[in-house]
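Chains A and B, in that order, are what the protein sequence lines are. Everything in the first sequence is counted per this note's numbering, starting at 1 for the first residue and increasing by one. Everything in the second sequence is counted per this note's numbering, starting at 1001 for the first residue and increasing by one. Built from N, CA and C at the ideal position, the CB exists for glycine as well. All figures in this text were calculated on a predicted structure; none of them were measured in a lab. Heads up, the thing below is written out as structure tokens.
There are 2 protein chains.
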Amino acid sequence: MISSPSIILVKPQLAENIGMVGRAMLNCGLTDLRLVKPREDHLGKKGIRACAGADDVMRSAQIFPTVAKAVADFNTVYAATARSRDIVKPVLGPKDCMAATIKAHARQEKVAFMFGREKSGLTNVDLSYADAIVTIPVNPAFSSLNLAQSVMVLAYEWFQHTPQADSFEIPDGTNAPKARKKDLLAFLGLLEKNLAERGFFDSVPDKRPKMVQNIRHLFQRLSLSHAEILTLHGIIKTLQKRKKNDKSV
Amino acid sequence: MISSPSIILVKPQLAENIGMVGRAMLNCGLTDLRLVKPREDHLGKKGIRACAGADDVMRSAQIFPTVAKAVADFNTVYAATARSRDIVKPVLGPKDCMAATIKAHARQEKVAFMFGREKSGLTNVDLSYADAIVTIPVNPAFSSLNLAQSVMVLAYEWFQHTPQADSFEIPDGTNAPKARKKDLLAFLGLLEKNLAERGFFDSVPDKRPKMVQNIRHLFQRLSLSHAEILTLHGIIKTLQKRKKNDKSV
């Protein structure tokens, strides 16, 4: 089993935010949530609705009376805060923090990320329990992040540093199998023939090879599926028909 | 002025979510929000409260009747979705998507990220307006992200790819100036003298140099500030005093 960091919320005010934190955590594979003196019952309607199915994270969340008790069994605690204070503590960005977390896990150490209450964040007293500060680089003119958003960004960055993310399969978008070259070439040949028969190249006969080449490049670039080639055949065929009410010619 | 991508929300259901999206956008320096057929008034109480001060983003948001109209002036539209569908479209992770966005901006092109409604995401019809899909790698067992969380992750990744993030100053934590070596050494000398006078090294006199070295390493590692050295002087002095009610000795 892969170790994952814990999330500690110090005196969160709204159950809804706790729920959104739970959801964000599970989105990124985190499951250990700790609450220091939450103001509202996180297992009430608002919290459970906001967690959107991450009920297990919510129900297994532990409640602590003090920060000291909540951090007791961790080797490293990172305090998430944007504020610079007159304290001597290392400050890391999310990526460096996660790289350090992965290394700590490899040493069998336990790591937690600690977040303050919605309105005012972590106090200097809370910060005295942390080894380092982790700061999310954001717009300096509007830097106050929603609690669950802060958790999301750190949890997301953590997930990107895990083997899980490496093995995360980004589908290549070619669910429909790409057409074989011979089908593509047959279509292109038919298109060229039809165009030639209708005088497409007549005004500039010497430019025909270059024009054909450009058309081939264009359709090649589309990485067409077999089904799409059939569609294009149908389009060409249809365009050659007369309009339904067209009495001309 | 640095170009930044736009955010298009297709048929968002809750004004509160639009507000949270606005907040997340401004947190990461994004300001152009477009809404396709929002169900609720995003400028109502819930939306404005949720945007937490990003009122300008909310008030300048444009409303469109169709996706086609909302995307009309963009060169590239990325659809944010986790679903794999039977469509032939490139799929990018957030980092690759942002790298491509930065390049597109350098070519003076306009880029948008499009998000679907909370419950059901983007439809296949919506997706037909997109150039590519951007997928956020998350826990495959619980991959449904809150709308504003999805926006936050992409906006955050975008911000990390901008020069703004490079110039974002992560404070080095040494707000209080680090002590000069002579003050540290004076303190270490005093500590050693006081320990020696009280018999700290008596039982193992030949190990004294090694013990002193270890103590020096320990305090060196702390990167003490001048104020902290004064505090340590105070601690040593105080520890040598008798307890207030101690009648012994």
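Next on the checklist: Please list, in chain order, the chain A residues whose beta carbon lies closer than 7 angstroms to that of alanine 1024(B).
Outcome noted: Gln149
Item to check | Inter-residue spacing [alpha-carbon to alpha-carbon] between alanine 1196(B) and asparagine 75(A) | outcome: 33 angstroms
Item to check | Cβ-based burial, glycine 44(A) [other Cβ within 10 Å; buried from 16] | outcome: Exposed, because fewer than 16 other Cβ atoms sit within 10 Å of the Cβ of glycine 44(A).
Item to check | Neighbour flag for methionine 152(A) against chain E, beta carbons, 9 angstroms | outcome: Although the question refers to chain E, the structure presented lacks it and instead comprises the protein chains A and B.
Next on the checklist: At the level of alpha carbons, what is the spacing between alanine 68(A) and methionine 114(A)?
Outcome noted: 12 angstroms
Next on the checklist: Using a Cβ-Cβ cutoff of 8 angstroms, what residues of the stretch 1038-1059 of chain B are near chain A? List them in chain order.
Outcome noted: From the stretch 1038-1059 of chain B, only Ala1052, Gly1053, Ala1054 have a Cβ closer than 8 angstroms to chain A.
Checklist entry - Is the CB-CB distance between valine 1125(B) and alanine 1070(B) below 9 angstroms? => result no
Next on the checklist: Considering just the uninterrupted stretch of the beta strand (DSSP E) at serine 1006(B), what are its terminal residues?
Outcome noted: 1006-1010
Checklist entry - To the nearest whole angstrom, what separates the beta carbons of alanine 61(A) and leucine 35(A), a pair I think is in contact under 8 angstroms? => result 6 angstroms
Checklist entry - How big is the Cα-Cα spacing for lysine 207(A) and valine 1091(B)? => result 37 angstroms
Next on the checklist: Excluding the 5 residues flanking alanine 293(A) on each side, which residues of the same chain have their C-beta closer than 6 angstroms to its C-beta?
Outcome noted: No answer is possible for residue 293(A): the residues shown for chain A start at 1 and end at 249.
Checklist entry - Helix, strand or coil for valine 111(A) per DSSP? => result strand
Checklist entry - Which first and last residues belong to the beta strand (DSSP E) in which phenylalanine 187(A) is found? => result Per DSSP, phenylalanine 187(A) lies in no beta strand (DSSP E); the unbroken alpha helix (DSSP H) holding it starts and ends at 181-197.
Checklist entry - Quick one: is asparagine 139(A) buried, meaning 16 or more other Cβ sit within 10 Å of its Cβ, or exposed? => result Its Cβ being crowded by 16 or more others within 10 Å, asparagine 139(A) is buried.
Checklist entry - Are glutamate 228(A) and valine 212(A) closer than 9 angstroms when you measure CB to CB? => result no
Item to check | C-beta atoms of tyrosine 156(A) and valine 1153(B) nearer than 9 angstroms | outcome: yes
Checklist entry - Which value, in whole angstroms, describes the spacing of the CA atoms of serine 144(A) and aspartate 96(A)? => result Rounded to whole angstroms, the separation of the alpha carbons of aspartate 96(A) and serine 144(A) is 21 angstroms.
Item to check | 6 angstroms CB neighbourhood of alanine 1082(B) in its chain, flanking five on each side removed | outcome: Thr1135, Ser1143
Checklist entry - Mind pulling the chain A residues with CB within less than 7 angstroms of glycine 1029(B)? => result Asn139
Item to check | Simplified DSSP assignment, three categories, for lysine 210(A) | outcome: helix
Next on the checklist: Considering only their Cβ atoms, is the gap separating aspartate 1131(B) from lysine 1089(B) smaller than 9 angstroms?
Outcome noted: yes
Next on the checklist: Taking only three categories from DSSP, how would you classify leucine 43(A)?
Outcome noted: coil
Checklist entry - If we count the other Cβ atoms within 10 Å of its Cβ and call it buried at 16 or more, is serine 6(A) buried or exposed? => result With 16 or more other Cβ atoms from the protein chains shown falling within 10 Å of its own Cβ, serine 6(A) counts as buried.
Next on the checklist: For a test of the three-state rule: what should DSSP assign to alanine 50(A), helix, strand or coil?
Outcome noted: helix
Item to check | Rounded C-alpha distance that separates serine 203(A) from threonine 1066(B) | outcome: Roughly 41 angstroms separates the two Cα atoms.
Next on the checklist: Taking 9 angstroms as the threshold (C-beta atoms), are serine 1150(B) and alanine 1080(B) in contact?
Outcome noted: yes
Checklist entry - Opposite glycine 121(A) in the DSSP bridges: which residues? => result Per DSSP, Arg117(A).
Checklist entry - Is the CB-CB distance between alanine 106(A) and histidine 161(A) below 9 angstroms? => result no
Checklist entry - For glycine 1093(B), which residues from the same chain have a beta carbon less than 7 angstroms from its beta carbon, with the 5 sequence-adjacent residues on both sides left out? => result Thr1135, Pro1137
Next on the checklist: Just to confirm my understanding: we take threonine 1101(B), look at its own chain, exclude 5 residues before and 5 after, and list those with CB closer than 6 angstroms. What are they?
Outcome noted: Same-chain partners within the cutoff: Pro1005, Val1111.
Item to check | N- and C-terminal bounds of the beta strand (DSSP E) containing leucine 1035(B) | outcome: 1033-1036
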